[in-house]
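Visitor: Protein chains in written order, with the working numbering: chain R, -13 to 235; chain W, 278 to 606.
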Amino acid sequence: MKIAVCIKRVPDMEGRFRIAGDGKSVDETGVKFDMSDFDGYAVEAALQITEKQGGEVVVVAVGPDTVQETLRKALSMGAARAVHLKADAVPPDGLAVARALAAELKDGAFDLVLFGKIALDTSAGVVGPMTAELLDLPCVSAASRLEVASGKGTARRELEGAYEMLAFPLPAVVSIDEGIARPRYPSLKGIMAAKKKPLDVKPAQLGEARIAVEKMALPPERGAGRIVGEGPAAVPELVRLLQTEAKVL
Amino acid sequence: MANILAFAEARGGELRKVALEAVTAARTLADATGGGEVHALLVGAPGIAAKAAALGEHGADVVVVVEHPGFERYNPEATAALAAERVRAGAVRAAIFPYSAHGRDLAPRVAAKLGAPIAADVTSIAAQGDALVVTHPGYTGKVIATLKVTGSPVVLSLRAGAVAPEQRPKAGRVETAPPVGDPSASRVVVTELAQGSATKLDLGEAPVIVSGGRGLKAPENFRLVEELAAAFGNAAVGATRAVTDEGWRPHADQIGQTGRWVQPQLYVAVGISGAIQHIAGMRNSRTIVAINKDKEAPIFKVADYGIVGDALEIVPVLTEAVRKAKQGA
Ligand SMILES: Cc1cc2nc3c(=O)[nH]c(=O)nc-3n(C[C@H](O)[C@H](O)[C@H](O)COP(=O)(O)OP(=O)(O)OC[C@H]3O[C@@H](n4cnc5c(N)ncnc54)[C@H](O)[C@@H]3O)c2cc1C
Ligand SMILES: Nc1ncnc2c1ncn2[C@@H]1O[C@H](COP(=O)(O)O)[C@@H](O)[C@H]1O
């Protein structure tokens, strides 16, 4: 089983963001970066499959040189090799990113290409299904369970208040939802081994981007809330506020 | 003349609320860009045509109905092929999909087939000359991006709840169309659809959400949360990851960065600490109430109203008070 996993380097979502001076981007000073959450689940899912069935995991990232750090992390988790598709920046147009990924993946003879359900910065969830279309491969998005064997796959997808089971032939593209597997931490041995694993660098063939960021802003602050009171005795006042002030009851 | 296509999502033969939201958004955009037509695309098993009228009432000039047994369950490949074809055939400037589980799957496929740009999970849509300008909460809702999308056609997916369905009746002329290709020949097949209980309101649609966290102490205490939700009458029950990890609640109920993103009128957080990953999924709720025994819990920083104390004591009293208030109303 040969599996490719597309991974993105994104800012740590823990802290507060500041908007940069251009008003169009996030100020990156002092911000930590890491592999996007869902991409970590995808790497873990790929490793578990190849550990059981044999094969190798190849990780691919589009972006500036800094993405190599993220690729190395995946290598230290156990991926066999990495491809850096070099670009000055990742455009906000998912189709451009999908084009670059599809160009790299198309002749790779992969049985499975995995994505995260969404990247946490763009919070879009479009690059996986778009890459699948460009490669003309069957695609399941947001799989919360995935099984692959003898040329076939089954998956589960969570819906609003329901779920569905899907069947598909390999090769295929699958984007990964959280439920699937907790990503492992790289071991010291893994980190040492990763330094010697191959990391190819190629130019990203992004093409034209037709989405541009006009502005970025922080959402309006929530007005400072108040503690209505303590214990069950505070309930009548809460209900009064919900009725008269918030008007939701 | 710029026509706008709205994907009218249905499940199990019923229209979903997000279908009406998409049609409403399409009507507003069509009117703002020179009064083109709104084409609603309604795809389903034979019989789905009966749902066309509601789409006309919400502003569709044309309802394109495609019935085929192969659309009994969601059929991603055949539906994407069909939607792309309708965009081409209908002189469509923009295609609007719900940002739902199925819309998230479908919209990028359609965009790629058309070679069109896609702006996902948008909360507003406006025209600016030849371009469309949309807003989209990115960075787990912590940054609001304004994006300019150029070219035609373009694909947009609309966040659930961002646009309220509005009745603006138009002709809703039904046009029956055949599928593109054979829907029974799709490579990706949905083999089973497991519905949640019919009475259970979906988290994305419920005006009120009552969520429970580890502070409830034991799975059986979720009964208290369910009773509070029942007292509101229009509430769904959510949970934190701590709780879904424990198996107290199904994963589908999880709210947060790696679960559902919701924005109800009222969000009641019971025994929830307010971890950043949880807040990512509920910070856009209109009014937030928190009940937590620790007055330093971070949830109180985003809550409009808080009660400090033992949820196991407070919630039953609140349930009774809400029940009374609802009866009085
Ligand atoms: C990558 C990643 C993704 C994540 N995604 C999500 C996500 O999508 N959604 C999510 O929810 N979490 C997510 N988490 C987990 C998150 O960090 C928190 O661990 C989780 O939200 C905590 O859940 P909790 O509030 O129920 O539990 P706790 O943090 O344990 O809080 C329990 C709270 O209950 C209070 N309490 C205790 N007893 C009582 C009582 N008797 N009455 C009233 N209050 C009481 C306590 O004071 C405490 O504040 C994620 C974490 C990571 C690392
Ligand atoms: N720059 C990138 N490099 C590699 N993979 C990416 C990149 N951007 C997005 N992806 C993949 O596409 C998924 C969805 O991204 P998005 O559509 O931006 O939400 C991510 O989880 C990654 O798997």
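The beta-carbon is built from N, C-alpha and C at its ideal position, and this holds for glycine as well.
#1: Output needed in chain order: residues of the segment 385 to 417 of chain W with a Cβ under 8 Å from some Cβ in chain R.
#2: Would you identify the three-state DSSP class for W:His528, choosing helix, strand or coil?
#3: So what does DSSP say about W:Ala388, is it helix, strand or coil?
#4: Residues in the same chain with beta-carbon distance under 6 Å from R:Ala195, minus the five sequence neighbours each way, listed in chain order, please.
#5: With distances taken Cα to Cα, identify the nearest neighbour of W:Met559 among W:Thr453, W:Tyr544, W:Glu573, W:Trp525.
#6: Comparing the C-beta of R:Lys92 with each C-beta of chain W, is any distance below 9 Å?
#7: Can you check DSSP and say which residues form a bridge with W:Gln472?
#8: What's the gap between the Cα of W:Ala475 and the Cα of R:Arg58?
#9: At which residues does the beta strand (DSSP E) containing R:Met21 begin and terminate?
#10: If you check the beta carbons only, do R:Ala129 and R:Arg142 fall under 9 Å apart?
#11: 9 Å is my cut-off, CB to CB: does W:Gly321 come that close to chain R?
#12: Is the shortest distance between the beta-carbon of W:Ser550 and the beta-carbons of chain R less than 9 Å?
#13: For a contact meaning CB atoms closer than 8 Å, what does W:Gln444 contact in chain R?
#14: Are the C-beta of R:Ile197 and some C-beta of chain W separated by less than 9 Å?
#15: For chain W, find out if any of its Cβ atoms is closer than 9 Å to the Cβ of R:Phe78; answer yes or no.
#16: Pick helix, strand or coil for R:Pro50, following the three-state DSSP scheme.
#17: Report yes if the C-beta of R:Ala141 is less than 8 Å from at least one heavy atom of ligand 2; otherwise report no.
#18: Spatial neighbours of R:Leu224 within its chain, please: CB distance less than 6 Å, with the 5 preceding and 5 following residues excluded, ordered by chain position.
#19: Whose beta carbon lies closer than 5 Å to any heavy atom of ligand 1, going through the chain in order?
#20: Taking only heavy atoms of ligand 2 into account, decide whether any of them is closer than 8 Å to the Cβ of R:Cys(-8).
#21: Going by C-alpha distance, which of W:Asp530, W:Val514, W:Ile565 is nearest R:Arg208?
#22: Below 9 Å on C-beta distance, what does W:Phe499 contact in chain R?
#23: Rounded to a whole number of angstroms, what is the C-alpha to C-alpha distance between W:Val485 and W:Val592?
#24: Report yes if the CB atom of W:Phe348 is closer than 9 Å to the CB atom of W:Pro460, and no otherwise.
#25: So, is the C-beta of W:Gly583 closer than 9 Å to a C-beta in chain R?
#26: Go ahead and pull the three-state DSSP assignment for R:Met63.
#27: Would you call the segment 421 to 435 of chain W and the segment 388 to 404 of chain W touching, i.e. three or more CB-CB distances under 8 Å?
#28: Below 8 Å, how does it come out for the segment 59 to 71 of chain R and the segment 176 to 186 of chain R: are there three or more Cβ pairs, yes or no?
#29: How would you list, in chain order, the residues of chain W whose beta-carbon sits under 9 Å from the beta-carbon of R:Phe3?
#30: Do we get a CB-CB distance below 9 Å when we pair R:Phe96 with the residues of chain W?
#31: Return no unless some Cβ of chain W is closer than 9 Å to the Cβ of R:Ile213.
#32: Under the criterion of a Cβ to heavy atom distance below 8 Å, does R:Gly49 qualify as lining ligand 2?
#33: Count the other CB atoms within 10 Å of the CB of R:Asp122; is the residue buried (16 or more) or exposed (fewer)?
#34: What is the rounded straight-line gap between the Cα of W:Ser255 and the Cα of W:Asn561?
#35: Give the DSSP-derived three-state secondary structure of W:Arg450 in the structure shown.
#36: In the DSSP assignment, find the alpha helix (DSSP H) that holds R:Arg131 and state where it starts and stops.
Guide: On the basis of the data shown:
#1: Listed in sequence order: Pro385, Arg386, Ala388, Ala389, Lys390, Gly392, Ala393, Pro394, Ile395, Ala396, Ala397, Asp398, Val410, His413, Pro414, Gly415, Tyr416, Thr417.
#2: In the three-state scheme derived from DSSP, where H, G and I count as helix and E and B as strand, W:His528 is classed as helix.
#3: Correct three-state label for W:Ala388: helix.
#4: Pro77, Asp79, Ala82
#5: The residue with the shortest Cα to Cα distance from W:Met559 is W:Tyr544.
#6: no
#7: R:Ala148
#8: For W:Ala475, the predicted structure reports a pLDDT of 48, less than 50, and the residue's modelled location is therefore unreliable. A value from the coordinates is still provided. Looking at the two C-alpha atoms, the distance is approximately 47 Å.
#9: 19 to 21
#10: yes
#11: no
#12: no
#13: Against W:Gln444, chain R offers no close residue; the least beta-carbon distance is about 23 Å (beta-carbon pairs closer than 8 Å).
#14: yes
#15: Residue identity check: residue 78 of chain R is Pro in the sequence provided, not Phe. Yes, because at least one Cβ of chain W sits closer than 9 Å to the Cβ of R:Pro78.
#16: coil
#17: no
#18: Val214
#19: R:Asp23, W:Gly490, W:Arg491, W:Gly492, W:Thr517, W:Arg518, W:Ala519, W:Gly533, W:Gln534, W:Thr535, W:Gly536, W:Gly548, W:Ile549, W:Ser550, W:Ala552, W:Gln554, W:His555, W:Asn569, W:Lys570, W:Asp571, W:Ala574, W:Asp587, W:Ala588
#20: yes
#21: W:Ile565
#22: Within chain R, no residue comes near W:Phe499; the closest Cβ sits about 17 Å away, beyond 9 Å.
#23: 15 Å
#24: yes
#25: yes
#26: helix
#27: yes
#28: yes
#29: Simply Tyr416, Lys419, Val420.
#30: no
#31: yes
#32: yes
#33: With fewer than 16 Cβ atoms within 10 Å of its Cβ, R:Asp122 is classed as exposed.
#34: Here chain W comprises residues numbered 278 to 606, so residue 255 of chain W is not present and cannot be evaluated.
#35: Reduced to three states, the DSSP call for W:Arg450 is strand.
#36: Per DSSP, R:Arg131 belongs to no alpha helix (DSSP H); it is in the beta strand (DSSP E), 125 to 135.
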